[in-house]
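A.B. asks: By the working numbering, the letter at position 281 of the sequence shown is numbered 299, and the numbering carries on one by one without gaps. Backbone N, C-alpha and C define an ideal beta-carbon position, used for all residues, glycine too.
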Amino acid sequence: MNHATVIGTGSCLPKRIVTNRDLERIVDTSDEWITSRTGIKKRRIAGAGEENFQLASGAAQQAIEMAAVAADEIDLILVATFTPHMTMPSCACFVQAEIGAENAFAYDINAACSGFLYGLDLADKYIAANPDMKILLIGSETLSARVNWQDRNTCILFGDGAGAVVIGSSSDRGVRAVNLYSDGRLWNLLYMNSAKSMNPELQQDQHGCQIEMSGRDVFKFAVRSMEEAIRQLLRRENLTVDDLALVIPHQANVRILNKLSERLSIPKEKMFVNVDQYGNTSAASIPIALDEANRQNILHGDDTVLLCSFGGGFTWGALLMQW
């Protein structure tokens with residue numbers, strides 16, 4: 019059986035770096051307060067010419083170059099995002115036009131911070147049905163456009179960026195197993211409203227199109243749900259933490275990552291962490307980290323790699339792949 023296999027990685031980050039010291043000038047916070055509670059030191063914030071689809075296209079170009087395929091060889095473009103340039107057309111369609119992938123079909127998926135994992139699972143199913151496909155999977159967000167910059171509990175957390183992979187097929191490596199979950203009953207703990215309805219019968223009482231979060235509740239559920247998803251996956255595959263070469267989690271908060279590492283006895287050297295550099299980039303966080311690990315030669319042939327995530331919806335999951 020053929021599996022979705024990463025054959026190229028890429029990432030693209032805005033030029034502007036915003037440090038915790040910079041945030042001290044616009045909101046009631048401090049570098050010490052942010053660092054102690056989140057582990058974040060700085061983040062990238064998009065500017066002119068750095069729309070979501072432009073960051074996504076930059077990451078895609080890098081991944082395509084590494085994979086040594088031409089844009090017109092891409093059969094499918096999937097973009098995981100909840101902060102697209104427009105509601106319609108999809109970010110994926112803008113990427114298609116931007117990179118010249120004229121033979122692809124394209125669409126977005128929205129599973130918040132878990133979007134890249136959902137996309138990998140989807141790509142694996144496409145590959146199983148048609149092993150000759152070449153799939154471009156991107157996680158891309160411009161979260162700076164959707165936060166309340168007067169709310170210190172949320173604006174300090176998020177950053178912008180994009181990560182991408184080109185996926186081919188292999189019978190002996192690639193996606194090995196996956197556990198995906200959601201619980202829509204808990205939506206109001208982490209959500210973002212849409213734009214104001216033009217139909218007065220459908221209008222809601224809302225603050226606008228910005229991220230709203232109940233931080234403590236999200237923290238508790240994130241740790242517990244990811245831990246259980248990972249335990250179930252390892253148990254099903256008859257693996258232990260010792261069998262893992264690297265764990266790449268969603269980069270939301272270093273306290274979440276430390277707690278997860280502690281509960282699962284994952285050595286710190288096995289967990290890839292870059293949240294201090296970029297903050298929470300939602301669906302982009304895992305593919306950005308994956309690209310960095312790949313380009314730093316941390317990943318090696320036949321490594322067993324674990325990806326895990328948690329996001330609004332709630333959505334969460336874990337995925338194993340043979341690199």
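(1) Around the Cβ of E280, are there at least 16 other Cβ atoms within 10 angstroms (buried) or fewer (exposed)?
(2) Whole angstroms is fine: what's the gap from T53's alpha carbon to I44's?
(3) Within 10 angstroms of its Cβ, does W167 collect 16 or more other Cβ (buried), or is it exposed?
(4) Considering only residues of the same chain and omitting the five flanking positions on each side of G226, which have a CB-CB separation below 7 angstroms?
(5) Just to confirm the assignment: which complete beta strand (DSSP E) runs, minimum length 3, are found wholly within the region 242–273?
(6) Quick one: what's got a C-beta closer than 7 angstroms to V24's C-beta in the same chain, skipping five residues either side?
(7) Once DSSP output is grouped into helix, strand and coil, what is the label at E116?
(8) Quick check on E50: does DSSP put it in helix, strand or coil?
(9) Can you find the residues in the same chain that come closer than 8 angstroms, C-beta to C-beta, to G65, ignoring five residues on each side of it along the sequence?
(10) Assuming M210 is part of the beta strand (DSSP E), what are its boundary residues?
(11) For T160 versus N70, is the C-beta distance shorter than 8 angstroms?
(12) When burial is assigned at 16 or more other CB atoms within 10 Å of the CB, is H318 buried or exposed?
(13) Secondary structure at C30, three-state DSSP: helix, strand or coil?
(14) Judging by CA-CA distance, which residue of L324, E68, R203 is the nearest neighbour of E116?
(15) Pull up the distance between the alpha-carbon of K143 and that of H21, whole angstroms please.
(16) If you draw a straight line from the C-alpha of M19 to the C-alpha of A195, how long is it?
(17) Taking a contact to mean a Cβ-Cβ separation below 8 angstroms, would you say S243 touches F328 in this structure?
(18) Identify which residue in C30, G28, G57, T27 has its Cα closest to the Cα of T37.
(19) Considering Cα atoms alone, identify which of A122, L198, L208, A147 is closest to E246.
(20) On the criterion of 16 or more Cβ atoms from any shown chain inside 10 Å, does Y334 qualify as buried, or is it exposed?
(21) Could you have a look at G233 and say whether DSSP puts it in helix, strand or coil?
(22) Assuming the contact rule is C-beta atoms closer than 8 angstroms, A119 and A89 should be a hit. Round their C-beta distance to whole Å, please.
C.D. replies: Working from what's here:
(1) exposed
(2) 17 angstroms
(3) exposed
(4) N211
(5) 264–267
(6) V183, I185
(7) helix
(8) helix
(9) P32, K33, R34
(10) 208–210
(11) yes
(12) exposed
(13) strand
(14) E68
(15) 8 angstroms
(16) 13 angstroms
(17) yes
(18) G57
(19) L198
(20) According to the sequence provided, residue 334 is Trp. The question's Tyr does not apply to it. Buried is the call here.
(21) helix
(22) 5 angstroms
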